[in-house]
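See structure below.
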Amino acid sequence: MGRYAPNTRHDPEVIVPTTHKPRLLIIGAGPAGYTAAIYAARAGLKPVLVAGMQPGGQLTITTDVENYPGFAEAVQGPWLMDQMRAQAEHVGTDLKYDLVTKIDLSRRPFRAECDSGDVYLAEAIVIATGAQARWIGIPGEQALSGFGVSACATCDGFFFRGKDVAVIGGGNSAVEEALYLANLARHVTLVHRRDTLRAERILQQRLFAKENITVLWDMVTEEMLGTQAARPVARGLGLRHARTGERRELAVDGIFVAIGHEPATELFRGQLSMDESGYLNVEPGGTRTSVAGVFAAGDVADKVYRQAVTAAGTGCMAALDAEKFLASLEHAHQLAAE
Ligand code: NAP
């Protein structure tokens, strides 16, 4: 991945890093970050949003989106995110195509340093860096992603109504995805590499009770198979038995990878409270993190719902919380000055 273009160039040869002093810095350009920006900009906070590695977030690797309210017909994920970006900019967000590489949350103003060399000193921060589905990293997986291979049953399950699908994984996510898909697909095969599931007992009970779900135990997925076409679509899995080594193919129309997510929280390790999986801890029902003035929105603090619409909702909440925080700072300054 190349370096980001700096935001200020006085001379084509000389890069001059700049120090910016926004009241509110938003990190991340998914539905949570953009929504926080829309609310903060409309509240007159003049937010700066640093977009990160994948502006637009997870929706930029999705095709049809049918569950984001407001659109009677399916819309394309990248188009939806571009609309959110345009809306955020239109109401006054200062969007920077840069990547925060270092952050200091130990004192205010908080200090964020970017790949371009630019520095942001902000009184409040909204973290909306998201999470990414973990992929297996086997042949066919990347090429077929979006063409029969998905990491989100709630997003893409609808396209496999009446068809045969496979879910890979053995945790809560995999079992929940299998149960969700069982209501849509003709048949669901859960493929797990061991002989016991990691998922909670209650979920396992529901799984085993479903007539159209089969579990393939001790099966390592080695390959995702596609049709022979210029633009191949998924047609099955290449499997190997973990103990006998026996190989077989499983024919399916859709493949759902559910082997966990990774929140993008490495930057904040040691500075903010997180759970054992690295998700940021926020106050129940709110967006405040363990540091006053730092708020979290979207998947970075949500391992349960993980939807664009819930991310947008918490983005709105984070902007409102940040606005209240900044107003209280201002009030304290006024009192001190009197
Ligand atoms: P997880 O609990 O880490 O489970 C990942 C599963 O994927 C495991 O069964 C693992 O197999 C398998 N796996 C990992 N790498 C693999 C690979 N390369 N190839 C094949 N299989 C692989 O992840 P999760 O299910 O996404 O859950 C993450 C966290 O969120 C958990 O704490 C979970 O409880 C929570 N969660 C909660 C809810 C809920 O409360 N409703 C819903 C979803 C998730 P092994 O078992 O062999 O390691």
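Under the numbering used here, the first residue of the sequence shown carries the number 2, and numbering increases by one thereafter.
Glycine included, every Cβ here is placed at the ideal spot set by N, Cα and C.
Since this is a predicted model, take the numbers as computed values, not measurements.
Check your understanding: How about D95 and V49: do their beta carbons lie closer than 7 Å?
Key -> yes
Practice item. Note down, one range per segment and in chain order, each alpha helix (DSSP H) of at least 4 residues found wholly within the segment 125–192. Key: Those alpha helix (DSSP H) runs which fall completely within the segment 125–192 and span 4+ residues are 142–145, 154–157, 173–183.
Point to revise | N- and C-terminal bounds of the alpha helix (DSSP H) containing D219 | key: Where D219 is concerned, there is no enclosing alpha helix (DSSP H), given that its DSSP letter is neither H nor E.
Check your understanding: Assuming T130 and G53 make a contact with CB atoms under 8 Å, what is their CB distance in whole Å?
Key -> 7 Å
Exercise for review: Could you tell me which uninterrupted beta strand (DSSP E) segments, each at least 3 residues in length, are contained entirely in the segment 98–122, listed from first to last along the chain?
Suggested key: If we require 3 residues or more, the beta strand (DSSP E) runs fully inside the segment 98–122 come out as 101–105, 111–115.
Practice item. Inspect the beta-carbon positions of E342 and G239 and report whether they are closer than 7 Å. Key: Coverage of the chain is limited to positions 2 through 339, which leaves residue 342 absent and any answer about it impossible.
Point to revise | Residues of its chain near Q308, where Cβ-Cβ distance is below 6 Å and the 5 sequence neighbours each way are ignored | key: none
**Study point:** As assigned by DSSP and simplified to three states, the class of M225
**Key:** strand
Check your understanding: Out of curiosity, what's the CA-to-CA distance linking A37 and L185?
Key -> Taking the straight line joining both Cα atoms gives about 34 Å.
Check your understanding: Would E324 pass as a contact of A89 if the rule is Cβ separation under 7 Å?
Key -> In this structure, A89 does not lie closer than 7 Å to E324 by Cβ.
Practice item. Could you have a look at F51 and say whether DSSP puts it in helix, strand or coil? Key: The displayed chain sequence assigns Val, not Phe, to residue 51. Reduced to three states, the DSSP call for V51 is strand.
Point to revise | Coarse secondary structure for F269, derived from DSSP in three states | key: helix
Exercise for review: Measure how close the beta-carbons of Y121 and P23 come, nearest whole angstrom, since I'm counting them as under 8 Å.
Suggested key: 6 Å
Check your understanding: For chain B, is any of its Cβ atoms less than 7 Å away from the one on F160?
Key -> No chain B appears in the structure shown, which is made up of a single protein chain.
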